[in-house]
Amino acid sequence: MPSIDFMKELVEKFEKGELDFLEDESEFVFSCEQCGKCCRNRDDIVISPHDFFHMVKGTGKDPQEVIERYTYVYIGPSSNMTVMQLRYRDEPDGQTTCYFLGRKDGKFYCRIQENKPFVCRAYPLGRVAAFGEHRDNAAETTARYFLQDISDDSICIGAQNETSERYNYLFQQFNMKLIQIIDLAGLERIPSEKVISTYYNMMFFLFYLKYDFSGSEEDFLEQYEENTKDLLELSKVLVSVYPKLLKPKEVKP
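Numbering follows the numbering used here, with no gaps: position 212 of the sequence shown is 614.
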């Protein structure tokens with residue numbers, strides 16, 4: 403499994419209040435020299451269903467081939483959900499390089515520039531979900547951005563778009579509902595490994611594969627919303643069979 407040290411460090415900084423979030427009036431300076439440094443030695447590029455939809459379009463390959471050639475798939479140690487992560491190529495000098503990093507006339511470029519993952523497009527900005535007063539209300543969540551700690555000679559940034567923000571909202575909405583329905587960390591208490599495997603396989607299928615990859619952005623968002631609704635219903639069925647998976651109620655002091 404790829405290293406998750408970077409993500410752990412990010413979570414620790416967030417919990418300690420050490421992330422400097424950008425406000426509407428915030429300014430920062432950046433320039434892209436096409437040095438390719440931000441496309442090497444990374445182990446934190448998580449691929450969302452929205453990213454995967456774009457990767458399939460950008461490569462023109464079959465979804466299964468994209469999964470096998472360019473990603474890792476595993477169960478997140480904290481989220482207990484299926485996670486897809488960008489795979490990097492091992493180099494003879496011990497470094498790792500993104501498979502989509504190309505070079506021309508001494509400059510580096512992304513071979514799927516118009517379809518690269520959000521983390522790559524937003525770099526050097528990072529994004530986290532900021533919760534409102536009621537943590538279980540997706541409508542109160544907003545995206546907040548911070549400037550990653552990087553060297554001055556490797557800064558690059560891509561454009562945001564409304565579709566990314568819409569996907570982020572739908573994901574937060576789904577995630578809030580899911581954690582109210584099922585305690586995913588409790589899946590290990592189910593005696594049947596086949597049931598657990600089937601649930602995760604269906605989660606992966608609904609998250610990443612049940613789409614018309616020839617469709618538009620709006621088609622994807624509609625299908626994603628339907629897929630997550632199906633996963634919520636599947637989770638309810640699983641909980642009805644295994645009540646021990648009910649989300650534990652918080653004990654108020």
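Heads up, the beta-carbon is just placed ideally off N, CA and C, and yes, glycines get one too.
Sub-8 Å separation of residue i and residue j beta-carbons
i	j	result
Leu-580	Leu-503	no
Ser-566	His-452	yes
Val-475	Phe-606	yes
Asp-621	Asp-614	yes
Cys-440	Tyr-511	no
Met-578	Asn-517	no
Ile-657	Pro-519	Since the first residue of the chain shown is 403 and the last is 655, residue 657 is not available in this structure.
Ile-598	Leu-647	no
Endpoints, beta strand (DSSP E) assigned at residue i
i	result
Asp-492	490-492
Ile-477	473-477
Tyr-601	Counting along the chain, Tyr-601 falls outside any beta strand (DSSP E), though it belongs to the alpha helix (DSSP H) covering 595-606.
Cys-500	498-500
Bridge-paired residues (DSSP) for residue i
i	result
Lys-509	Lys-506
Ile-449	Met-486
Arg-442	Thr-499
Ile-584	Leu-648
Residue span of the alpha helix (DSSP H) that contains residue i, given as start and end
i	result
Ala-524	520-524
Asp-632	619-643
Spatially closest choice to residue i from the options, by CA coordinates
i	options	result
Phe-455	Lys-506, Asp-632, Leu-608	Leu-608
Tyr-472	Lys-463, Gln-436, Arg-489, Gln-575	Arg-489
Leu-586	Glu-470, Leu-640, Asn-517	Leu-640
Thr-499	Arg-444, Pro-479, Ser-480	Arg-444
Tyr-602	Ser-637, Gly-460, Leu-647, Val-468	Ser-637
Asn-450	Arg-591, Tyr-569, Met-578	This sequence places Ser at residue 450; Asn is not what is there. That would be Tyr-569, whose Cα lies nearest to the Cα of Ser-450.
Gly-616	Thr-461, Glu-435, Asp-446, Glu-493	The amino acid at residue 616 is misidentified as Gly; the sequence shows Ser. For Ser-616, the nearest C-alpha among the options comes from Thr-461.
Tyr-610	Gly-588, Asp-464, Arg-523, Cys-437	Asp-464
Glu-435	Asp-507, Ser-642, Pro-645	Asp-507
Gln-515	Gly-438, Glu-467, Glu-470, Pro-479	Gly-438
Arg-591	Arg-513, Arg-491, Tyr-644, Ile-477	Tyr-644
Pro-379	Lys-509, Arg-513, Gly-588, Lys-612	Residue 379 cannot be examined here, being either before or after the span of the chain that is shown, 403 to 655.
Met-604	Thr-630, Glu-619, Gln-582	Thr-630
Gln-497	Arg-442, Lys-612, Gln-582, Thr-600	Arg-442
Arg-513	Tyr-501, Ile-469, Thr-600	Tyr-501
(request) Would you check if the stretch 620-636 and the stretch 477-494 touch, i.e. whether three or more CB-CB distances between them fall below 8 Å? (result) no
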